[in-house]
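Q: Can you keep this structure in mind? I'll have questions shortly.
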Amino acid sequence: YAVREKENNEDDATRLARLNERFKREGKPELKKLDDLPKDYQEPDPYLDETVNIALDLAKLEKARPAEQPAPVK
């Protein structure tokens, strides 16, 4: 039990350090403990960000060169 509790405390300390680094870059005040983190806080999602970038690139390409319409069948 003591080993697992130590691991949890180390994980919490690492998470707090990473959050504080991110907050510092964003100009936000640092947290004293994880419990100070707002309940509605959402961590950045790099997969979602990249998906948005890909969709925007695709939309720009489609606008620049629309897909050809198939010829009508007679």
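Heads up, the sequence shown is in UniProt numbering, so the first residue is 1 and it goes up one at a time.
Cβ atoms here follow ideal geometry from the backbone N, Cα and C, with glycine treated the same way.
As the structure is a prediction and not an experimental result, all values here were calculated from the model.
#1: Would you kindly work out how many angstroms separate the C-alpha atoms of GLU30 and THR14, rounded to a whole number?
#2: From GLU43 to LYS74, what distance separates their C-alpha atoms?
#3: With distances taken Cα to Cα, identify the nearest neighbour of LEU37 among LEU19, ASP57, GLU7 and ASP49.
#4: Considering only heavy atoms of the ligand GTP, does any lie closer than 7 Å to the CB of PHE23?
A: Let me spell this out:
#1: Position 30 of the sequence shown holds residue 30. Position 14 of the sequence shown holds residue 14. Each residue's alpha carbon lies about 14 Å from the other.
#2: Reading the sequence shown from its first residue, position 43 is the one you call residue 43. Reading the sequence shown from its first residue, position 74 is the one you call residue 74. About 56 Å.
#3: In the sequence shown, residue 37 corresponds to position 37, counting from 1. The option with the nearest alpha carbon to LEU37 is LEU19.
#4: With respect to the ligand GTP, the structure shown offers nothing to examine, as it has no ligands at all.
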